[in-house]
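Inspection log for the structure reproduced underneath, given as structure tokens.
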Amino acid sequence: MKCNNVKKKITAYLDGELNPIEKKESMLHIDDCMSCRKELEDMEFVTSMIKPLAPARPSPYFYIKIKHAIENKLSNNYLDYLPLKKLRTFGIAFSLLVMSLFGSILGKFVIPESNGYQVRIQEIKNALNLAVFDDISEDSFGMIYNDLLKEKK
Amino acid sequence: MQNDENLIVATANGDESAFEELVEKYKLIVFNIIYQYLCNNSETEDVAQEVFIKVWKHAGTFNPKYKFSTWIYRITVNTCLNYKKSNKTLTKHYSLDDIEESGNTDTPEKLSNDTPETKERNEIISEALLTLPSNQKMALILSQFERRSYKEIAEIMEISVSAVESLIFRAKSNMKKQLLPLKVKNQL
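The structure is reproduced here in structure tokens:
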């Protein structure tokens, strides 16, 4: 094995992560190589220095805080947790129902009146035709015309 | 006592007591990984909370073919790495004196009987750890502090075993550059 390869394997060697063949080859090389032996000593020193910081532990109310945070998230984003697709479909169906109900009510009370209006217009037209073809005095025609105008209003 | 896999399935079905059991069982592990990674006492509990909220939220996506411990380690690692990305300027070295003087009961409790020399040594080492790139540092924490094998670390970090080996080698080489000069000066 070459020095470079051995040096790259030294950390794995110290962590007991080399397979038996790699381990044997590395040990043989290190025994004969000053530079790699120095690298091994340095890495042993570094590894011995890397100790965890004094352990810390969560506050006694850690779980309560988590539960509270989850509840907060739920209340802030409750729409995320609702079956929105079903809600949308339901919303569209409900809107269509309301619109058709509104339309039918509108048709019942408003459209007959407009029909009546059309009928009266036709009556006026008929009356005007009569005025053209019949021999009616100017005064009579004026009276009919005024009556029809009042009715239109 | 139920095993972890049953507990997470029960959590996915809305069983709060199962979730509480998982929190109680894993909170110290999760907490310490985050603490070692951030070297920051005040932010550790927030990040730990975020990890358990993710566990609760994604319980339904847990794949029973993996170990639960690997899954929660992975969530913890990813939460830490993402937290570091989005809060680069927030990370700072903790000060034991600050923690002791603050008396803030909202911050995690610290279990420390360190001598002044040990405190100083810890400060130097954590300073050196802080300068490591995120993934090198996380691989080192999982290997040195959590005693996870390279194979387990590879599963947790979703990389190959040789990539783990390389990360740990580079992490220790970087640490060596910082710690050896101090050894020469007899500061360590």
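Chains A and B, in that order, are what the protein sequence lines are.
Taking my numbering, the leading residue of the first sequence gets 1226, the next gets one more, and so forth.
Taking my numbering, the leading residue of the second sequence gets 80, the next gets one more, and so forth.
Every residue, glycine too, gets a C-beta built ideally from N, C-alpha and C.
In this structure, the alpha-carbon of serine 1251 of chain A lies about 32 angstroms from that of valine 156 of chain B.
The residue from B/Thr90, B/Pro143, B/Glu225, B/Glu124 with its alpha-carbon nearest to that of tyrosine 1286 of chain A is B/Glu124. Not one beta carbon of chain A lies nearer than 9 angstroms to the beta carbon of serine 213 of chain B. In terms of Cβ geometry, serine 222 of chain B and valine 243 of chain B form a close pair [threshold 9 angstroms]. Tyrosine 152 of chain B places its beta carbon 9 angstroms or farther from that of glutamate 122 of chain B. At a cut-off of 9 angstroms between beta carbons, lysine 146 of chain B makes no contact with chain A. Per DSSP, the continuous alpha helix (DSSP H) segment holding phenylalanine 248 of chain B begins and ends at 240–263. Note on geometry: alpha-carbon atoms of alanine 1352 of chain A and isoleucine 1369 of chain A lie some 8 angstroms from one another.
Among the CB atoms of chain A, none fall inside 9 angstroms of the CB of arginine 153 of chain B.
For the pair valine 126 of chain B and isoleucine 154 of chain B, the CB atoms are not nearer than the 9 angstroms cut-off. Leaving aside the five residues that flank glutamate 1247 of chain A on each side, the residues in its chain whose CB is nearer than 7 angstroms to its CB run, in chain order, Lys1234. In this structure, methionine 236 of chain B keeps its C-beta atom at 9 angstroms or more from the C-beta atom of methionine 1274 of chain A. If you look at histidine 1293 of chain A, you'll find it in the alpha helix (DSSP H) that goes 1287–1301.
Collapsing the DSSP output to three states places glycine 1241 of chain A in coil. Chain A places no beta carbon closer than 9 angstroms to that of isoleucine 235 of chain B, leaving this residue out of the contacts. Within the same chain, Cβ atoms closer than 7 angstroms to the Cβ of alanine 1237 of chain A are found at Leu1243, the five residues on either side in sequence being excluded. Within chain B, the residues placing a beta-carbon under 7 angstroms from that of isoleucine 1295 of chain A are Ile132, Trp135, ordered along the chain. Boundaries of the alpha helix (DSSP H) around methionine 217 of chain B: 213–219. When Cβ pairs closer than 8 angstroms are counted between the two stretches, the segment 105–117 of chain B is seen not to touch the segment 85–97 of chain B, the count staying below three. Taking 9 angstroms as the threshold, the shortest C-beta distance from lysine 1249 of chain A to chain B does not fall below it. Contact of lysine 1234 of chain A with chain B is assigned, a C-beta pair being separated by under 9 angstroms. Between isoleucine 1289 of chain A and isoleucine 132 of chain B a beta carbon distance of about 13 angstroms is seen, past the 8 angstroms cut, so the two are scored as non-contacting. For the segment 238–249 of chain B, the set of positions with a beta-carbon nearer than 7 angstroms to some beta-carbon of chain A reads Glu244, Ile247, Phe248 in chain order.
Within chain A, Met1274, Ile1275, Lys1276, Leu1278 have C-beta atoms less than 9 angstroms from the C-beta of isoleucine 204 of chain B, given in sequence order.
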